[in-house]
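Step one of this worksheet: look at the structure below.
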Amino acid sequence: MSTVLVVDDEPQIVRALRINLSARGYKVITAHDGTAALRAVAETKPDVVVLDLGLPDMDGTEVIAGIRGWTLVPIIVLSARGDSSDKVKALDAGADDYVTKPFGMDELLARLRAAVRRSTASAGEDTDAVVETGTFSIDLAAKKVRKDGTEVHLTKTEWGVLELLVRNRGRLVAQKQILHDVWGPTYETESHYLRVYLAQLRRKLEPEPSRPRHLLTEPGMGYRFEL
-12 MSTVLVVDDE PQIVRALRIN LSARGYKVIT AHDGTAALRA VAETKPDVVV LDLGLPDMDG
48 TEVIAGIRGW TLVPIIVLSA RGDSSDKVKA LDAGADDYVT KPFGMDELLA RLRAAVRRST
108 ASAGEDTDAV VETGTFSIDL AAKKVRKDGT EVHLTKTEWG VLELLVRNRG RLVAQKQILH
168 DVWGPTYETE SHYLRVYLAQ LRRKLEPEPS RPRHLLTEPG MGYRFEL
């Protein structure tokens, strides 16, 4: 039985999807806002997510980005926003498909079946939502870091750098890629940014910042996160 997480704050949509999907053998989990959606993905590991963009606590594209921090689970956007710019933003954030409301149930079910097939084919490529080191933990779902039982405050940019390295843990991430993904394509030569932000992260997280164990530098090439 495949598990579908439905994320929508419209009760009638949730009810219709629950009835139709359950009748076709899917296990249905629901969430009514972005925070609950991120928690549900981390805890239940669904086979596919059906996501509305207009959520009460955050935009759906933020939820997509949060999910993509640790998992490749297929995401089908189900939204009343029909503008091409909204579709582009959602797909660029990591959505796999986009269905505009009002929608035909048969079409949605066909797209859902295709998404589940992709999910099955790519099984094993996800990482855990919570990554533990000997001294601190990174919750990719909640976007939080804890050290010695206490939450560590990170700026948005510090989190962006750390998340990218953790998602690629054990692998070298090139300086240019980090600058492009965190700051944008016009910053790809600003390598001094990385020296500053890696030093800040090490001060906050490493037991001995001058002798890092987890946030490692590959001179002239990039950075690597190791457990």
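Here the sequence shown stands for residues -12 to 214, numbered as in the numbering used here. Yeah, the Cβ is synthetic: ideal placement off N, Cα and C, and Gly gets one too. Just so it is clear, the structure is predicted and the values come from calculations on it, not from any experiment.
Residue closest to residue i, alpha-carbon to alpha-carbon, out of the options
i	options	result
Phe90	Arg190, Val35 and Ala67	Ala67
Ala82	Val50, Leu95 and Gly157	Val50
Met208	Arg2, Val160 and Leu99	Val160
Leu166	His179, Arg154 and Ala23	His179
Val139	Leu188, Thr48, Ser9 and Gly12	Leu188
Lys134	Ala77, Pro206, Met92 and Glu119	Glu119
Gly21	Val153, Gly41, Arg2 and Gly12	Gly41
Thr137	Ser124, Ala52, Lys130 and Ala101	Ser124
Ala52	Glu94, Gly147 and Arg158	Gly147
Thr48	Gly69, Ala80, Pro33 and Asp34	Ala80
Lys88	Thr204, Leu202, Pro206 and Glu(-3)	Glu(-3)
Arg100	Tyr13, Tyr174, Gly157 and Thr176	Tyr13
Gly157	Glu175, Tyr174, Asp168 and Thr204	Thr204
Whole-angstrom distance between residue j and residue i, CA atom to CA atom
i	j	result
Gly111	Trp57	Below a pLDDT of 50, predicted positions are generally treated as unreliable, and Gly111, at 49, falls in that range; the measurement from the model is reported next regardless. Between Gly111 and Trp57, the C-alpha separation is close to 12 Å.
Arg200	Lys143	23 Å
Val64	Ser197	45 Å
Val60	Leu181	30 Å
Arg98	Val36	12 Å
Glu213	Gln(-1)	46 Å
Leu38	Met45	12 Å
Asn155	Gln164	12 Å
Val183	Met92	51 Å
Leu95	Ala29	24 Å
Ala102	Arg5	17 Å
Trp170	Leu152	14 Å
Met(-12)	Ala3	19 Å
Pro206	Gly69	46 Å
Status (buried if at least 16 other CB within 10 Å, exposed otherwise) for residue i
i	result
Gln162	buried
Asp126	buried
Ala10	exposed
Pro172	exposed
Pro43	exposed
Beta-carbon proximity list for residue i, same chain, < 7 Å, skipping 5 on both sides
i	result
Ala27	Leu(-8), Ile16 and Ala18
Glu145	Tyr184, Gln187 and Leu188
Pro33	Thr(-10), Val(-9), Leu(-8), Ile16 and Val60
Leu8	Val(-9) and Val15
Asp168	Leu151
Residues near residue i in its chain [Cβ-Cβ closer than 6 Å; skip 5 each side]
i	result
Ser71	none
Pro194	Thr122
Ala24	Val(-6), Ala18 and Val50
Contacting residues, own chain, Cβ-Cβ under 8 Å from residue i (five flanking each side not counted)
i	result
Leu141	Val132, Leu149, Leu188 and Lys191
Tyr85	Ile63, Val64, Ser66, Lys74, Ala77 and Leu78
Thr31	Thr(-10), Leu(-8) and Ile16
Lys130	Gly53, Gly56, Trp146 and Glu150
Glu177	Leu166 and Trp170
Val117	Ala29, Ser124, Ile125, Asp126, Leu127 and Ala128
Val1	Val(-7), Asp(-5), Thr17 and His19
Glu175	Lys163, Leu166 and His167
Residue-level contact to chain C via CB, residue i, 8 Å cutoff
i	result
Leu65	Absent from the structure is chain C; it holds one protein chain and no more.
Distance cut-off 7 Å: residue i Cβ against heavy atoms of the ligand SAM
i	result
Thr204	As for the ligand SAM, it is missing from this structure, which has no ligand bound.
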